[in-house]
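In the numbering used here, the protein residues as written are 134 to 470. Heads up, the thing below is written out as C-alpha cells.
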Amino acid sequence: MKVDLHFNLRACRKRTNFQHRTMSPAVVLLCLALLGKTYSVETNIARGGKVTQSSLFGPGVPERAIDGNRANTWEKKSCTHTEKEQNPWWRLDLQKMYKVNTVTITNRKDCCHERLNGAEIHIGNSLNDDGNSNPRCAVISSIPAGTSKTFECNGMEGRYVNIVIPGRQEYLTLCEVEVTGQLSETNIARGGKVTQSSLFGPGVPERAIDGNRASTWEEKSCTHTEKEQDPWWRLDLQKTYKVNTVTITNRKDCCHERLNGAEIHIGKSLNDNGNSNPRCAVISSIPAGTSKTFECNGMEGRYVNIVIPGRQEYLTLCEVEVTGTESDDSSEFEPCG
C-alpha cells in the first residue's frame, strides 16, 4: 500500500477543519491517530459536585452552572444569579481533593456581561470566608458576551472552586462552569479512628479527620486538648501503611504558635500511647490558618501521632491528612501495648 508521507498533522488539521464532510473513514481514523491529544476530551469534574452561592435572585440557582449546558441567555434557564451584594460568590464542592488543571466559564450573552469583569477564581481546601480565602488561580479581566473562556490552574490542589467578585457591590451570573483535573492522592486518614490525651470543650479528635480544613474555632472543625504536659493526638489507620506525607492545618483565629515544636511519629507500637514510635518530622512552625505537608518517605506504621513534647501546652489541630500505600505485611491484629 502506498502511503503519502506528506499527509501529516497539518494536513489533518486542515482537512478536519474544512473538509470533514467529504473525508473517507480511513482518513478520519488516520487523522484521529495523528491528532491524538489535540482531540482528547478531559472529563468535566464539576458535573459530579455540589454547589452553593452567596444569595439567590429569582430562579438563578447555583446548580445551573454545572448542568452541562452552555446556553447563555436568561430565558434559556441555564444561568445562575445572585442578588446585588458586596463580594458575591459561587462555590463548587468537588467532594474530593483534585489537582485542578483548568476552569472554563461561560458568560451571559443577552445582558450585562461586564459584571464578571474583575472576578476571581480560588481553589483550595478551606471553607474560611466561605472558601474565598483559598489560593487564587486567576483574575477574570473580561469574558466577551456569550463566550466561554478557559483559565489554566496548573494542578492547583483543592476540593473547593470559588468564583467571587471582590471589592464591590455586584450581581454574579454564571452560565456554565467546567473544571478539569485529576484526583489527588487518597487521604487515608479519613478511614481511621482517632483519640487524644484529653478534651477541652467540644474539640473532639474526630474533627481533625472530617475532611474540612476550616481553621477557626467557631467553624467547629478543630480539635482541642486541655493544657497539659506533652499533649498528644493519635490516628489509627486500622492497617499498616507506608506513609508518604502528613499534612497539618493550623488554627487561624488564635494561638497558632502553640503547635511550634510538635512532633509527628509513625509506627506500630502503642507504647507511651504511640509517642515513642519513630519520628517523621518536627513542626518548627505552621503559619496561622495554613496547611503544611511533611514528607515521611514511606515510613511504615499503623499509628500516626502528633505530640508536643517537653512542655505544658494545649494541642489543637484543624485537619490532619495522610497519604500512603498499604504495606505488604499489613496486619489486622492489635499490637501488644
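Where a beta carbon is used, it is the ideal one built from N, C-alpha and C, also for glycine.
Give the DSSP-derived three-state secondary structure of residue i in the structure shown.
i, result
"H255", "strand"
"I298", "coil"
"D369", "strand"
"L307", "coil"
"N406", "helix"
"H389", "helix"
"N177", "coil"
"I321", "helix"
"L260", "coil"
"I399", "strand"
"R224", "strand"
"K170", "In this prediction, K170 has a pLDDT of 38, which is less than 50 and means its spatial position is unreliable; nothing more can be read from the coordinates."
Among residues of its own chain, excluding the 5 on either side of residue i, which ones have a beta-carbon nearer than 6 Å to its beta-carbon?
i, result
"G264", "R224, Y293 and N295"
"H246", "N240 and A278"
"Q186", "P195, T215 and W223"
"G193", "T213 and H214"
"G288", "K232"
"E250", "The amino acid occupying residue 250 in the given sequence is Asn; Glu does not appear at that position. Hits under 6 Å: S275."
How many Å lie between residue i and residue j at the Cα?
i, j, result
"T349", "Y447", "15 Å"
"D369", "N202", "44 Å"
"Y172", "V310", "Confidence at Y172 is low in this model, with a pLDDT of 37, below 50, so its placement is unreliable and the value that follows should be read with caution. In a straight line, the C-alpha of Y172 is about 20 Å away from that of V310."
"T358", "R180", "40 Å"
"E175", "P442", "48 Å"
"N258", "D226", "9 Å"
"K183", "V272", "23 Å"
"L254", "P221", "At residue 254 the sequence reads Ile, which differs from the Leu that was named. Between I254 and P221, the C-alpha separation is close to 12 Å."
"R340", "R346", "10 Å"
"G334", "H398", "26 Å"
"E318", "L450", "21 Å"
"G422", "K326", "24 Å"
Within a Cβ cutoff of 7 Å, which residues of the same chain sit near residue i, ignoring the five residues on either side of it in sequence?
i, result
"L392", "N383, I416 and I419"
"E454", "N320, A322 and T380"
"G344", "R323"
"P268", "H255, I256, G257 and M289"
"E218", "S187, S188 and Q302"
Once you ignore the five residues that flank residue i on each side, which residues in its own chain have a CB closer than 8 Å to its CB?
i, result
"C244", "W207"
Would residue i pass as an interface residue toward chain B - the criterion being a Cβ-Cβ separation below 8 Å?
i, result
"S402", "No chain B is part of this structure, which consists of one protein chain only."
Legend entry - Complete alpha helix (DSSP H) runs within the stretch 327 to 371 (minimum length 4 residues, chain order): DSSP runs (the alpha helix (DSSP H)) wholly in the stretch 327 to 371: none.
Legend entry - Segment contact, 8 Å Cβ cut-off, at least three pairs: the stretch 406 to 414 with the stretch 434 to 446: Judged by Cβ distances under 8 Å, the stretch 406 to 414 makes contact with the stretch 434 to 446, as three or more pairs qualify.
Inset, instruction - Any chance you could list the beta strand (DSSP E) runs of at least 3 consecutive residues sitting entirely within the stretch 418 to 458, in chain order? - result: Entirely contained in the stretch 418 to 458, the beta strand (DSSP E) runs reaching 3 residues are, in chain order, 424 to 440.
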